[in-house]
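Peer 1:
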């Protein structure tokens, strides 16, 4: 399976941008990190070198939550400083680097709808069905993605184009109308 | 960057599914997301780390020869000698590679979150995690060293944790105690098999892996998968230091990129399996399906939150 994908989609997987279906980002990340941290760590990441802050951020991370905690102890609970979770915030600062970004807003809207509206105003429905629904949709998506990847998107060799309609910017650039990276053609 | 974008593709939205993230986690995520936009735009237009020479978003290494419109990828095979080790002379010839600035920010952000998770847990969740080192208390060590506690395999031998009398542990875990535990033999055998299999990969003669890890490195990075019964807090105290070591593990070994790659590869796999175990313990079936590609600190922290929220929903129901 892996071999068939890497043979058929080789150019896309090696490219900088990938497509909306295939992309080699995960492996590219592994590879770049391996070369940089494993091979060139001293000359790239030691203090005084080009990417020193990548290492120093480990140290900064240790003290990141401390101001919030001290502030909460000093100023009292009405400032709600205990609400902010610095590890989560810090992790999401890097969010947009990897993956498909056009879904981020939809992700938040879906989450807010479920966790704010349903949980507060439809608690019975929430308790009964929210997690079941989530699991069911995930499961269904996994199945259909698996089938589509091989039958339609070219995992097994021949890919079938989605028919043109008003929303997909048919064959004239990225589906989401984003700019094509200038060095990537 | 996803602002005002509309998408209905659940395959990409549910990665992981937003439906089981508590509101607090979502709001924190959103603040991080806004900061992300600001920082990414900032480093690019501030031209930090020569950002404008390279693509805006990319995970590949580039060389100095790139400019804004044509990107030259770093030729990584040119700096390796025939043993797949980095040769300083060849590096001097090729020049040092560049990350794209956003990728550097991504690494910084990940590193920040790794260590701040440790501090955060110590400051805010000390009561939740302290049971995981209760084991080392003098009174408990005394208890463990009494021979009558060694007969744990006999029926009726009581454990201090997770027993029926344990009122501290996660309610779902206590409910699961109604079922008979799978025999330890099963997990030990599984561990043994995996251990043998992977070890043969790493030490077997001519494969690519044989260049990779010294044995102790490998056994250290796969440790989180060890069969470990019971409290999720035990996992927590286990995984966090491991993640730090994982990230630095590559750097302190000799200059062999494949080593670092193999290290983080096997370590990340086992760590994410560990966090799946936590989540499936705590937040019903949905978590196990949707955490597969989850960045681990969020996953673990949100599972902490989920535990709390489930406690709420359980108590409001009864």
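Protein chains in written order, with my numbering: chain F, 95 to 279; chain U, 1312 to 1629. Ideal Cβ placement from N, Cα and C applies to all residues, glycine included. Here the structure is a predicted model, which means the values were calculated and not measured.
With 16 as the cutoff for other CB atoms within 10 Å, does residue 1524 of chain U come out buried or exposed?
Peer 2: The sequence position of residue 1524 of chain U within the second chain is 213, counting from 1. Since pLDDT at residue 1524 of chain U reaches only 46, below the 50 mark, its modelled position is unreliable, and no value is offered.
Peer 1: What does residue 180 of chain F touch in chain U if you count any residue whose Cβ is under 7 Å from its own?
Peer 2: Looking up residue 180 of chain F in the first chain gives position 86. The contacting residues are 1427 and 1431.
Peer 1: Using a C-beta cutoff of 8 Å, does residue 103 of chain F count as contacting chain U?
Peer 2: To locate residue 103 of chain F, count along the first chain from 1; it is residue 9. So, not an interface residue.
Peer 1: Using the three-state DSSP reduction, which class does residue 1332 of chain U fall into: helix, strand or coil?
Peer 2: For the purposes of this step, residue 1332 of chain U is taken as the residue at position 21 of the second chain. Coil at residue 1332 of chain U, not helix or strand.
Peer 1: So, with DSSP's three-state summary, where would you put residue 1262 of chain U?
Peer 2: The displayed coordinates of chain U run from 1312 to 1629. Any statement about residue 1262 of chain U would go beyond what the structure contains.
Peer 1: What are the residues in the segment 1385-1417 of chain U lying within 9 Å of chain F by C-beta distance?
Peer 2: 1385, 1387, 1390, 1391, 1396, 1397, 1399, 1402, 1407, 1408, 1409, 1410, 1411, 1413, 1414, 1415, 1416 and 1417
Peer 1: Note down the Cα distance separating residue 161 of chain F from residue 252 of chain F, rounded to an integer number of angstroms.
Peer 2: Sequence index remark: in the first chain, residue 161 of chain F carries index 67 (1-based). Sequence index remark: in the first chain, residue 252 of chain F carries index 158 (1-based). Their Cα atoms are separated by approximately 56 Å.
Peer 1: Let me confirm a value: residue 127 of chain F is counted as buried when at least 16 other C-beta atoms fall within 10 Å, else exposed. Which label applies?
Peer 2: Locating residue 127 of chain F in the first chain gives position 33, counting from the first residue. Buried.
Peer 1: DSSP beta-bridge partners for residue 1279 of chain U?
Peer 2: Look at the range of chain U in this structure, 1312 to 1629, and you will see that residue 1279 of chain U is not part of it.
Peer 1: If you measure beta-carbon to beta-carbon, which residues of the segment 1340-1365 of chain U are closer than 8 Å to chain F?
Peer 2: 1340, 1341, 1342, 1343, 1344, 1346, 1347, 1348, 1350, 1351 and 1360
Peer 1: Which of helix, strand or coil does DSSP assign to residue 145 of chain F?
Peer 2: Stepping through the first chain from its first residue, residue 145 of chain F is reached at position 51. In the structure shown, residue 145 of chain F sits in coil (DSSP, three-state: anything other than H, G, I, E or B).
Peer 1: Using only alpha-carbon positions, find the residue among U:1409, U:1436 and U:1421 that is nearest to residue 281 of chain F.
Peer 2: Nothing can be reported for residue 281 of chain F: it is not among the residues displayed for chain F, which extend from 95 to 279.
Peer 1: Do residue 196 of chain F and residue 1328 of chain U have their beta-carbon atoms positioned less than 8 Å apart in this structure?
Peer 2: For the purposes of this step, residue 1328 of chain U is taken as the residue at position 17 of the second chain. For the purposes of this step, residue 196 of chain F is taken as the residue at position 102 of the first chain. No; because the gap between Cβ atoms is not below 8 Å, this pair is not in contact.
Peer 1: How would you list, in chain order, the residues of chain U whose beta-carbon sits under 7 Å from the beta-carbon of residue 186 of chain F?
Peer 2: Translated into the one-based positions of the first chain, residue 186 of chain F becomes position 92. Within chain U, the residues whose beta carbon sits less than 7 Å from that of residue 186 of chain F are 1340, 1343, 1344 and 1347, listed in sequence order.
Peer 1: How would you list, in chain order, the residues of chain F whose beta-carbon sits under 7 Å from the beta-carbon of residue 1336 of chain U?
Peer 2: For this step, residue 1336 of chain U is matched to residue 25 along the second chain. Residues of chain F passing the Cβ test: 182.
Peer 1: With respect to the alpha helix (DSSP H) encompassing residue 105 of chain F, which residues constitute its N-terminal and C-terminal limits?
Peer 2: The count along the first chain starts at 1 and reaches residue 105 of chain F at position 11. Unbroken alpha helix (DSSP H) run through residue 105 of chain F: 104-108.
Peer 1: What do you get for residue 164 of chain F, buried or exposed, if any count of 16 or more other CB atoms within 10 angstroms of its CB means buried?
Peer 2: Locating residue 164 of chain F in the first chain gives position 70, counting from the first residue. Per the 10 Å Cβ criterion, exposed.
Peer 1: If you reduce the DSSP assignment to three classes, tell me which class residue 1409 of chain U lands in.
Peer 2: Along the second chain, read from residue 1 onward, the residue named residue 1409 of chain U stands at position 98. Strand, per DSSP.
Peer 1: For chain F, find out if any of its Cβ atoms is closer than 8 Å to the Cβ of residue 1375 of chain U; answer yes or no.
Peer 2: Within the second chain, the letter at position 64 stands for residue 1375 of chain U. Not closer than 8 Å to any Cβ of chain F, the Cβ of residue 1375 of chain U fails to qualify, so no.
Peer 1: Starting from the beta carbon of residue 176 of chain F, find every residue of chain U whose beta carbon is closer than 8 Å, and list them in chain order.
Peer 2: Here residue 176 of chain F is taken as the residue at index 82 of the first chain, counted from 1. Correct list: 1435.
Peer 1: Please compile the residues from chain F whose C-beta is within a distance smaller than 9 Å of the C-beta of residue 1440 of chain U.
Peer 2: Here residue 1440 of chain U is taken as the residue at index 129 of the second chain, counted from 1. Per Cβ cutoff of 9 Å: no residues; residue 1440 of chain U is ~14 Å from chain F at best.
Peer 1: Determine, using beta carbons only, whether residue 1368 of chain U comes closer than 8 Å to chain F.
Peer 2: Position 57 of the second chain holds residue 1368 of chain U. With 8 Å as the cut-off, residue 1368 of chain U counts as an interface residue toward chain F.
Peer 1: Quick check on residue 254 of chain F: buried or exposed, where buried means 16 or more other Cβ atoms within 10 Å of its Cβ?
Peer 2: Taking the first residue of the first chain as position 1, residue 254 of chain F is located at position 160. By the neighbour-count rule (16 or more Cβ atoms within 10 Å), residue 254 of chain F is not buried but exposed.
Peer 1: For residue 1490 of chain U, which three-state DSSP category applies?
Peer 2: Here residue 1490 of chain U refers to the residue found at position 179 of the second chain. Residue state, collapsed to three classes: coil.
Peer 1: Check each candidate in U:1401, U:1383, U:1382 and U:1384 and name the one with the smallest Cα separation from residue 1391 of chain U.
Peer 2: Sequence index remark: in the second chain, residue 1391 of chain U carries index 80 (1-based). Nearest option by C-alpha distance: U:1401.
Peer 1: According to DSSP, what are the bridge partners of residue 1373 of chain U?
Peer 2: Translated into the one-based positions of the second chain, residue 1373 of chain U becomes position 62. Answer is U:1384 and U:1409, bridged to residue 1373 of chain U.
Peer 1: Do residue 192 of chain F and residue 1370 of chain U come within 8 Å of each other at the CB atom, strictly closer than that value?
Peer 2: As a first step, residue 1370 of chain U must be located in the second chain, where it is residue number 59. As a first step, residue 192 of chain F must be located in the first chain, where it is residue number 98. Taking 8 Å as the Cβ cut-off, residue 1370 of chain U and residue 192 of chain F qualify as a contacting pair.
Peer 1: State yes or no: is the C-beta of residue 125 of chain F nearer than 7 Å to some heavy atom of the ligand GDP?
Peer 2: As presented, the structure is devoid of all ligands, the ligand GDP included, so that no description of it is given.
Peer 1: Give the single residue among F:117, F:206 and F:152 whose Cα lies nearest to the Cα of residue 1423 of chain U.
Peer 2: For the purposes of this step, residue 1423 of chain U is taken as the residue at position 112 of the second chain. Checked all of F:117, F:206 and F:152; the closest Cα to residue 1423 of chain U is F:152.
Peer 1: Smallest Cα separation from residue 187 of chain F: which of U:1405, U:1408, U:1418 and U:1448?
Peer 2: Your numbering for residue 187 of chain F matches position 93 in the first chain. Closest by alpha carbon: U:1418.
Peer 1: Check whether the Cβ atoms of residue 1325 of chain U and residue 199 of chain F sit closer than 8 Å, and answer yes or no.
Peer 2: For the purposes of this step, residue 1325 of chain U is taken as residue 14 along the second chain, with counting starting at 1. For the purposes of this step, residue 199 of chain F is taken as residue 105 along the first chain, with counting starting at 1. Their beta carbons are not under 8 Å apart, which means residue 1325 of chain U does not touch residue 199 of chain F by this criterion.
Peer 1: Determine, using beta carbons only, whether residue 1496 of chain U comes closer than 8 Å to chain F.
Peer 2: Within the second chain, numbered from 1, the residue matching residue 1496 of chain U stands at position 185. With 8 Å as the cut-off, residue 1496 of chain U does not count as an interface residue toward chain F.
Peer 1: Give the DSSP-derived three-state secondary structure of residue 1319 of chain U in the structure shown.
Peer 2: As a working note, residue 1319 of chain U is residue 8 in the second chain. Residue 1319 of chain U: coil per DSSP, three-state reduction.
Peer 1: So, is the C-beta of residue 107 of chain F closer than 8 Å to a C-beta in chain U?
Peer 2: Locating residue 107 of chain F in the first chain gives position 13, where the first residue counts as 1. Proximity of residue 107 of chain F to chain U, defined by a Cβ-Cβ separation below 8 Å, is not satisfied.
Peer 1: Return the CA-CA distance between residue 1518 of chain U and residue 224 of chain F, expressed in angstroms with no decimal places.
Peer 2: Translated into positions along the second chain, residue 1518 of chain U becomes position 207. Translated into positions along the first chain, residue 224 of chain F becomes position 130. Any reading at residue 1518 of chain U needs caution, since the residue's pLDDT is 40, under 50, leaving its predicted position unreliable; the model's value is listed next. For residue 1518 of chain U and residue 224 of chain F, the distance between alpha carbons rounds to 47 Å.
Peer 1: Run through chain F and tell me which residues come within less than 7 Å of residue 1315 of chain U, C-beta to C-beta.
Peer 2: Taking the first residue of the second chain as 1, we reach residue 1315 of chain U at position 4. Residues of chain F passing the Cβ test: 199.
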